[in-house]
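These notes concern the structure reproduced below.
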Amino acid sequence: RLAPVVAVAKSGELPPGFFWTDADNIDVPMSTDELTALEAAMQQNMVLQGFKIHERQRQMKEEVDKLTDYKAVQDYTAGWPE
Numbered sequence: 002r003l004a005p006v007v008a009v010a011k012s013g014e015l016p017p018g019f020f021w022t023d024a025d026n027i028d029v030p031m032s033t034d035e036l037t038a039l040e041a042a043m044q045q046n047m048v049l050q051g052f053k054i055h056e057r058q059r060q061m062k063e064e065v066d067k068l069t070d071y072k073a074v075q076d077y078t079a080g081w082p083e
């Protein structure tokens, strides 16, 4: 949803008084530069989180590959270590 807003902002066509509503439902007035920075930060966070997920999936795959019997597989808990 942010990408089209940034595209419109970069074309100079944002409506007067434009604001972004944040995760806490707070309306935040934003300039084109601020929207562009927000988009970059969101993309960076998505890549970082996606890579963490990928790393964990690879780790779990290795762990499961080492299991030697049905009961061990059945007892394996997928997810994030605590």
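Going by this note's numbering, the first residue of the sequence shown is number 2, and it counts up by one from there.
Every residue gets a Cβ at the ideal spot worked out from N, C-alpha and C, and that includes glycine.
Item to check | Per-residue burial, residue 36 [other beta carbons within 10 Å of its own, 16 or more giving buried] | outcome: The residue labelled residue 36 in the question sits at position 35 within the sequence shown. By the 10 Å Cβ count, residue 36 comes out buried.
Checklist entry - Between the segment 37–46 and the segment 4–12, do at least 3 Cβ pairs fall closer than 8 Å? => result Contact between the segment 37–46 and the segment 4–12 is present, because at least three Cβ pairs lie under 8 Å.
Checklist entry - What's the gap between the Cα of residue 3 and the Cα of residue 20? => result Taking the first residue of the sequence shown as 1, we reach residue 3 at position 2. Taking the first residue of the sequence shown as 1, we reach residue 20 at position 19. If I take the Cα positions, the gap works out to 12 Å.
Next on the checklist: Just to confirm before moving on: does the CB-CB distance between residue 61 and residue 42 stay below 8 Å?
Outcome noted: Your numbering for residue 61 matches position 60 in the sequence shown. Your numbering for residue 42 matches position 41 in the sequence shown. In this structure, residue 42 does not lie closer than 8 Å to residue 61 by Cβ.
Item to check | Cα-Cα separation between residue 29 and residue 23, rounded to whole angstroms | outcome: Position 28 of the sequence shown, counted from the start, is the residue given in the question as residue 29. Position 22 of the sequence shown, counted from the start, is the residue given in the question as residue 23. Their Cα atoms are separated by approximately 7 Å.
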